[in-house]
Amino acid sequence: MTMSILGALKLSPSSLVPATAVAQPSGRISSSLHFHLANAGAAALVAASLLLADPALAFRGGGPYGQQVTRGQDLTGKDFSGQTLIKQDFKTSILRQTNFKGANLLGASFFDADLTGADLSDADLRNADFSLANVTKVNLTNANLEGALVTGNTSFKDFTDVPLRDDQRDYLCKIADGLCTDGGVRDGHHPFVWCNSAPERVRFFAWLLVRGRIQCRANLLCKGILDEHSCHCPICDNPLETPDHIMFGCEFAHRFWSMLGADADATHRVAESSTCPLPHSAPTGSATTLRLLCLWHLLKHRNGVVFNGLAPSLSLVRKNCRDDAVLWRARLPMEQRDDVDLWLTYLLPVRF
Ligand SMILES: [Zn+2]
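As C-alpha cells, this is what we get:
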C-alpha cells in the first residue's frame, strides 16, 4: 500500500524536532525552484541556469560530486558513503542497494528514483526530495529527514519498512496522520485502523473513513467538483451526502445496522467508527474486523449505486458481507475464526 491518496506531504520543521535539525530555508527555496523548473519541462532554462549559476548551487546533470552525472543512471550497488553530495541530482536513477551511509545529501533530489534496499543510514537528508521515489526497504537509521519532501505517490509505505530515529518516526507519523503501524503512532485511531484482520485495502479505507475522507458528494462539493444542488444522497435523497450519512445517518444504513441486530444510531459519526454499535453478542476480539466488514460494504454498495446504477439493496449488501466474511475467516487469528459463524447469523439471507 502506498501513500498515493494522502496528497502531498511536506515534512516541515516542527516543535518536535531540535532546533539544530531545522531545515535551512535557502535549501527549500532552491528545491522548490528546481521542482517547478523540472515540472515545467523547461530544459532550456535549466541548461541556461547551469551556465549562469554557481555550479555548487544548481541541480546539474551530475552535481558537485566530481561532476559525475548521477541523474537517470543505473547506480545499483555503488558506494557513496561519507561523500558530500549536497543538492546532488539523482532524479530517476536506479539506486538499488546503493550505499549512502553517512553522506551529506542536503537538498539532494531522488525524484522518481528507485532506492529499493539503499542504505541511507546516518545520512543528512534535510530538504531532500523523495517525490515519487520508491523507498521500499531503505535503511534510514539515524538519518535526518527534516524538511524532506514526500509527495503522495512516494512509496514510503508505512514506516515499519524503515528504521527511523524515534523522534523522526514520531514526526513522520504525525505528519502522515498515523500511517505507521509500528506502535509508534500516538494517533487515537491506530487500533481501529491497524489492529484488525481486514485486508490492507480495507485498512486504508478505515484510515480515510475516520478522517471523513471517503468518496462522497459532500467531499466533492468541498473540492468544488459538485455544486450544492448535486450533493444529495443517491439512496435516500437527503440533501447532503456526507461520510457520516453514508455510514450511519442514511435510512438505508440505519436499516442495515438494525437488521444486523445492532442498536443503530443515526447520529453516530465516522470519526468514532471504532465504537459503532454491533450486536451485543458480537465477540470483542474480532469486533473491529466485523465493523470494518460492514462499513466497507456500505461504501461499496453506495459506489455500486452511484457508479453502476445498482438499485439500493439490503439483501445485496448483506450477501456481499457474508461472502467476504467467509473469505476473511482465514485472515483471522485461529482463536477468532469461529467468530465468523456468529457473524454469518447476523447476516442471514432475508426476503423483503
Ligand atoms: Zn441517504
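Position in the sequence shown counted from 1, then plus 8, gives you this note's numbering. Glycine included, C-beta positions come from ideal geometry on N, C-alpha and C. Model, not experiment: these values are computed from the prediction.
What you get when you keep residues with a C-beta closer than 5 Å to any heavy atom of ligand 1 is Cys241, Ile243, Cys244, Asn246, Cys258. Gly115 and Asn142 do not touch by the CB rule: their CB atoms are close to 20 Å apart, not below 8 Å. Looking at the DSSP output, Ser89 shares a beta bridge with no other residue. Spatial neighbours of Leu298 in its own chain (CB-CB distance under 7 Å, excluding positions within 5 residues in sequence) are listed in chain order as Leu286, Ala290, Trp351. Residue state for Ser282 is assigned as helix, using DSSP reduced to three classes.
Assignment of Asn311 by DSSP, reduced to helix, strand and coil, places it in the helix class. Per DSSP, reduced to three states, the secondary structure at Ile254 is helical.
Looking at Arg79, Cys302, Thr250, the one whose alpha-carbon comes closest to that of Val348 is Cys302. Inclusion of Ser129 and Asn150 in the CB contact set at 7 Å is warranted, their separation being smaller than that value. Here Asp235 carries a coil assignment [DSSP, helix/strand/coil]. Annotation: the continuous alpha helix (DSSP H) that includes Val334 extends over 322-336. Taken atom to atom, the span from the alpha-carbon of Arg330 to that of Leu306 is near 13 Å.
Comparing alpha-carbon positions, the option among Leu248, Phe118, Arg326, Phe108 lying closest to Leu148 turns out to be Phe108. In the structure shown, the three-state DSSP call for Val158 is strand. A distance below 6 Å between beta-carbons, with the five flanking residues on each side excluded, links His276 to the following residues of its chain, in chain order: Phe256, Cys284.
In this structure the segment 319-326 does not touch the segment 216-228; the number of beta carbon pairs closer than 8 Å is below three. Taking C-alpha positions only, Glu236 is separated from Leu229 by approximately 7 Å. Exposed is the label assigned to Thr92, since fewer than 16 other Cβ atoms lie within 10 Å of its Cβ.
For Ser289, the three-state secondary structure derived from DSSP is coil. CA-CA distance, Leu103 to Leu140, rounds to 14 Å.
Secondary structure note for Cys230: its alpha helix (DSSP H) is the uninterrupted segment 225-230.
For Glu208, the uninterrupted alpha helix (DSSP H) run begins and ends at 208-217, by DSSP.
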